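In this note's numbering, the protein residues as written are 244 to 920. By construction, the Cβ of each residue, glycine as well, lies at the ideal position given by its N, Cα and C atoms. Owing to the predicted nature of the structure, the values given are computational and were not obtained by experimental measurement. Here's the structure, in structure tokens; my notes come after.
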């Protein structure tokens with residue numbers, strides 16, 4: 244199959260923006276629709292004709308037409324992506340679908356933490372409603388998993404994507420030589436036994452929905468979810484639910500019926516499962532779910548008693564008795580994965596504290612910073628002098644911008660471990676964020692005293708030195724990073740970039756260009772490197788080269804105002820006043836509080852004879868400058884205002900000429916896996 248390239252035009256209408264995925268059945272792309280207002284994004288799915296045999300081609304073309312008609316019909320539902328177009332081109336099949344903006348259920352569950360009951364009920368109601376429509380139109384989704392269910396941004400509703408019927412086109416059963424690639428390990432757990440055998444039914448989709456509910460309620464990862472083969476395929480998977488007494492037993496029974504390996508014991512339709520769910524919680528179609536407070540308590544009490552004699556509950560109880568011999572094996576797994584909260588209570592104090600530290604570190608790796616902080620706080624409740632917990636919580640506080648709290652924790656951690664280099668390093672970062680450059684440098688010095696190989700400290704100390712005007716000292720620090728052995732590219736690239744900034748400030752423009760080029764070689768999509776190389780080119784008088792670098796920086800980061808501003812300055816140097824104003828307009832659109840851009844746009848407007856527009860810009864610049872405490876630019880703006888009001892228009896118009904170089908933010912400490920203490 245020929246892969247489309249970014250920028251390629253398809254059907255003279257769809258410009259490929261990004262390659263999203265590639266699989267056994269085809270390619271998926273993000274594209275811009277050039278014929279619709281605003282050039283909205285859409286999804287392009289590409290498939291190759293599976294055979295050159297004329298009879299096989301006829302089958303595929305007929306199937307293509309029928310599946311397209313089916314998808315078009317499904318797209319009439321407000322929670323199914325609309326099929327925008329379908330066509331053949333150069334032996335390839337293409338479906339163009341509506342792009343659904345939102346977050347996948349996989350992203351919501353990636354932390355592997357149990358979700359509240361309300362989350363699961365909302366998910367079930369939303370998903371079953373749309374599946375009921377799909378099934379009534381004669382379609383089995385076949386590909387339901389957390390990655391193919393999106394919570395739509397505009398209303399929070401669930402939208403299924405990537406219907407499996409499209410895959411039939413790429414691999415129709417009519418072909419005698421058809422070979423179906425095995426499903427990926429991550430998707431197998433959501434496939435019922437009959438679907439794994441190639442015989443999907445409508446309620447095979449319900450099995451997938453049930454397994455996603457299990458994942459949400461237990462916090463198990465996909466690899467830890469029970470599979471039919473775990474139970475020899477002849478009995479339902481047994482689950483030890485966390486917080487069993489807090490979950491509506493009727494909901495548990497409903498989910499266990501959804502995931503029965505026997506298709507005839509499973510719900511036969513989405514409508515049946517939805518009806519039971521609505522009866523359990525008193526829901527109506529499309530209604531919200533509120534399971535908190537006294538209403539929830541009363542509902543639980545009512546359901547706990549009324550569901551004891553329901554057929555589903557009785558069946559589940561009998562099944563539990565039959566599968567009792569397997570209970571201990573699965574119970575051990577459940578305790579290992581989700582039952583640790585209870586196990587921690589049996590540990591001695593230091594071990595309990597260590598347990599919470601480890602949990603916090605897992606959350607930190609998953610970027611769940613608030614959860615990480617909560618776990619470190621639990622560790623400190625058990626052992627207030629746990630230096631590791633203090634250090635890691637301080638690092639997490641620094642990451643979310645709570646710099647004072649970070650410093651307080653790191654102060655305590657350092658008192659307990661006065662030679663722990665990462666604690667000094669992290670406190671230096673927090674102090675730097677609070678504009679205390681001198682204290683930050685002192686902490687970086689201490690960190691390097693206790694760990695001379697902590698290259699992040701050299702890098703960040705160089706950044707601080709550069710900020711306070713000590714470019715020679717900054718270059719010394721960057722040289723240490725560059726000369727060290729085994730430094731990863733993620734640290735080398737900013738070291739070269741920032742050394743280039745300092746070289747440019749010392750009027751070594753060629754050295755700055757060389758360093759920025761090296762950073763680009765290490766990271767070809769490094770927008771800051773292109774921007775800063777452009778600044779060095781401009782300072783050296785290489786205006787066309789500067790313009791080219793700013794263009795690339797804008798392509799890589801179109802929402803960053805600085806390359807637009809710097810390109811505007813370069814266009815001014817080239818005498819392109821209209822282009823200058825266009826770039827300044829865009830910079831202001833992206834950052835309305837950009838004081839210098841207002842000043843410079845005012846100068847450019849004066850050049851065009853637009854005194855009214857210039858006066859407005861100088862007034863706005865003066866306001867922003869005084870708000871920021873920048874008296875120099877405030878006085879400059881006031882001078883221009885007075886000149887215009889007095890009718891004395893300057894003849895030698897000059898821009899502020901303060902380019903916007905950028906350096907990466909301080910390199911964070913690898914708090915989840917710091918150097919050994």
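Residue state for residue 668 is assigned as helix, using DSSP reduced to three classes. Runs of the alpha helix (DSSP H) lying entirely within the region 746–820, each at least 4 residues long, are 752–765, 770–782, 786–799 and 804–816 in chain order. The straight-line gap separating the alpha-carbon atoms of residue 670 and residue 759 is approximately 29 Å. For residue 274, the secondary structure class from DSSP, reduced to helix, strand or coil, is strand.
Rounded to the nearest angstrom, the gap between the Cα atoms of residue 854 and residue 896 is 13 Å. Shown here, residue 373 sits in a helix according to DSSP, grouped into three states.
Between the alpha carbons of residue 490 and residue 499 lies a gap of roughly 13 Å. Under the DSSP assignment, residue 403 falls in the beta strand (DSSP E) whose first and last residues are 401–403. Annotation for residue 353: 609 place their beta carbon closer than 8 Å to its own, counting only its chain and skipping 5 residues before and after.
Excluding five sequence positions before and after residue 862, the CB atoms of its chain that fall closer than 7 Å to its own CB belong to 884, given in chain order. In the three-state DSSP reduction, residue 336 falls in the strand class (E or B).
Taking 8 Å as the cut-off, the Cβ atoms of residue 453 and residue 501 count as close. Sequence-distant Cβ neighbours of residue 602 in its own chain, meaning closer than 6 Å and more than five residues away, are 618.
Excluding the 5 residues flanking it on each side, residue 284 has same chain C-beta neighbours closer than 8 Å at 260, 273, 274, 275, 276 and 342, in chain order. At a Cβ-Cβ threshold of 8 Å, residue 374 and residue 432 do not count as neighbours. In the three-state reduction of the DSSP assignment, residue 378 falls in the helix class.
The residue from 321, 335, 339 and 319 with its alpha-carbon nearest to that of residue 328 is 339. Excluding the 5 residues flanking it on each side, residue 841 has same chain C-beta neighbours closer than 6 Å at 860, 863 and 864, in chain order. Contact annotation, residue 706 with residue 741: C-beta distance approximately 6 Å; criterion of less than 8 Å satisfied.
Straight-line measurement puts the Cα of residue 612 at about 42 Å from the Cα of residue 337. For residue 347, the uninterrupted beta strand (DSSP E) segment begins and ends at 345–347. Annotation: residue 379 to residue 315 spans about 15 Å, alpha carbon to alpha carbon. Nearest in C-alpha terms to residue 350, of all of 372, 323, 391 and 620, is 391. Within the same chain, Cβ atoms closer than 7 Å to the Cβ of residue 747 are found at 755, 778, 779 and 782, the five residues on either side in sequence being excluded. A residue is called buried once 16 or more other Cβ atoms fall within 10 Å of its Cβ, and residue 715, having fewer, is exposed. Ranked by how close their Cα comes to the Cα of residue 246, the residues 289, 852 and 599 have 289 in first place.
Take the alpha-carbon of residue 641 and the one of residue 649: they are about 5 Å apart. Inter-residue distance for residue 658 and residue 634 is about 11 Å (C-alpha atoms, whole angstroms).
The C-alpha of residue 753 lies about 28 Å from the C-alpha of residue 820.
Judged by DSSP secondary structure, residue 263 falls within the beta strand (DSSP E) whose first and last residues are 257–265. According to DSSP, residue 395 shares a beta bridge with 345.
Note that the C-beta distance between residue 683 and residue 674 is below 8 Å.
Across the set 437, 258, 264 and 269, the C-alpha of 258 shows the shortest separation from the C-alpha of residue 279. Taking a 10 Å sphere around the C-beta of residue 827, we find 16 or more other C-beta atoms and assign the residue as buried. Counted as a single uninterrupted DSSP element, the beta strand (DSSP E) harbouring residue 287 occupies residues 284–291.
With contacts defined as CB atoms closer than 8 Å, residue 837 and residue 804 qualify as a contacting pair.
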